[in-house]
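Okay, structure first, notes after.
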Amino acid sequence: MVQSAECRVQSAECRRHQTQHPKTMASENTNPELRKDAVWNRWVVFSPGRAKRPYEFKSTSPTDPNPVQQCPFCIGHEHECAPEIFRVPPTNDPDWKIRVIQNLYPALSRTLPEPQHAPSGSVLSGFGFHDVVIETPVHPVHLFHLSPPEIGNVFLAYIQRIQQLTSHDSIQYVQVFKNHGASAGASMSHSHSQMMALPIVPPSVSTRLASMKDHFDQTGKCFICEILCEDLLIDSSTNFFSLVPFAAAYPFEIWIVPRFHSAHFHELDAEKAVELGGLLKLMLRKMNLQLNNPPFNYMIHTSPLHGNESELPYSHWFIQIVPQLIGFAGFELGTGCYINPVFPEDAAKVLREVKVPESG
98 MVQSAECRVQ SAECRRHQTQ HPKTMASENT NPELRKDAVW NRWVVFSPGR AKRPYEFKST
158 SPTDPNPVQQ CPFCIGHEHE CAPEIFRVPP TNDPDWKIRV IQNLYPALSR TLPEPQHAPS
218 GSVLSGFGFH DVVIETPVHP VHLFHLSPPE IGNVFLAYIQ RIQQLTSHDS IQYVQVFKNH
278 GASAGASMSH SHSQMMALPI VPPSVSTRLA SMKDHFDQTG KCFICEILCE DLLIDSSTNF
338 FSLVPFAAAY PFEIWIVPRF HSAHFHELDA EKAVELGGLL KLMLRKMNLQ LNNPPFNYMI
398 HTSPLHGNES ELPYSHWFIQ IVPQLIGFAG FELGTGCYIN PVFPEDAAKV LREVKVPESG
């Protein structure tokens, strides 16, 4: 892992934006604007005149945080699940806190022969791993109800599983993601996240790395290390900060970024995992309070497992949180450009000002 000094305070993109707009709060300007997303190399159209004011955004299909039911993920129903990979604590004690299991309906198959060579051509065997991380044994409890150390243990479970998967030379990338709420893709309401280990590097990952390499080649600096801008900042801790990205594709999109330069999420240590858990909990609670408990997705964007060491200076992992507030249609599908009705500066201000009660 490449270590650097503290990440820089402001990105060049943000400074340019402030120069172009002396009044940095975009809510004072309803004119549309196009911004280049330098991480995924795409354009985003900001069109605030198409929607309500930023502080009025609410989910119209909130998820129920306390469904009263039992399911195969609940404690005592382990026999109804696919095979277990490991649990936390790592004993056979039935009083478990976290379970990592195989997905009962996997998108990839761990039983197929493992590819022995790098993929070539346009067809590849569907070998891979699709796992589920059950984050709590109790059905009504969700991730944002857990304490920072408990969320930290979920992160450490991800890390333990990723480290296990590194033993497979054919596995190139592990995507960790969480779907919360039916409209965000969750088929089970019990709090859980998923991990997919792929024998390829997905196209969006290749695009992200290529864009960040271009920035590094031009400046000698990691783009993510320079991304922090005061107008976009939501909150921060010693080693992490949260912000709305300068060219957010989705309204109220949030990133949580390490201040220290690190290419691989699975190199996170236990102490920082607890700190990260605290900031993630705060972001989810702010989002729930302000946006009416919306369905959401989060994704951990990291580096390929067996990537070239030359990628390490410009590759920087982060967590992306996307509340599901609007749909996408033909324009987005046809162009790859997104229309966001909320300027990032406005979304960041609204989320900064949300007061989260101490309890909970």
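The numbering of the sequence shown is the numbering used here, which starts it at 98 and goes up by one.
Ideal Cβ positions, reconstructed from N, Cα and C, are used throughout, including at glycine.
By the CB criterion at 7 Å, Thr304 and Leu402 fall outside the cutoff.
Under the 8 Å Cβ criterion, the segment 368-387 does not count as touching the segment 265-274, having fewer than three qualifying pairs. Per the Cβ contact rule, the segment 294-310 is in contact with the segment 130-142 (3 or more Cβ pairs under 8 Å).
Here His214 is exposed, its C-beta having fewer than 16 other C-beta atoms within 10 Å.
When the beta-carbon positions are compared, Asn276 and Asn394 come within less than 7 Å of each other. Just so you know, the alpha carbons of Gly249 and Ser206 end up roughly 29 Å apart. Here the segment 429-437 does not lie against the segment 402-412, with fewer than 3 beta-carbon pairs under 8 Å apart. A distance below 6 Å between beta-carbons, with the five flanking residues on each side excluded, links Leu131 to the following residues of its chain, in chain order: Trp140, Val142. Between Pro348 and Leu422 the beta-carbon gap is near 5 Å, inside 8 Å, which marks them as a contact. Between Ile198 and Val229, the C-beta gap is smaller than 7 Å, which places the two residues in contact. Separation of Gln387 and Pro210 (C-alpha to C-alpha, rounded to the nearest whole angstrom) is 48 Å. Shown here, Ser359 sits in coil according to DSSP, grouped into three states, outside any helix or strand. CA-to-CA, the gap between Ser333 and Phe320 works out to about 19 Å. Non-local beta-carbon contacts of Gly375 in its own chain, meaning distances under 7 Å to residues more than five positions away in sequence, involve Pro245, Ser334 in chain order. Pro234 is not a Cβ neighbour of Ile182, given a cutoff of 7 Å.
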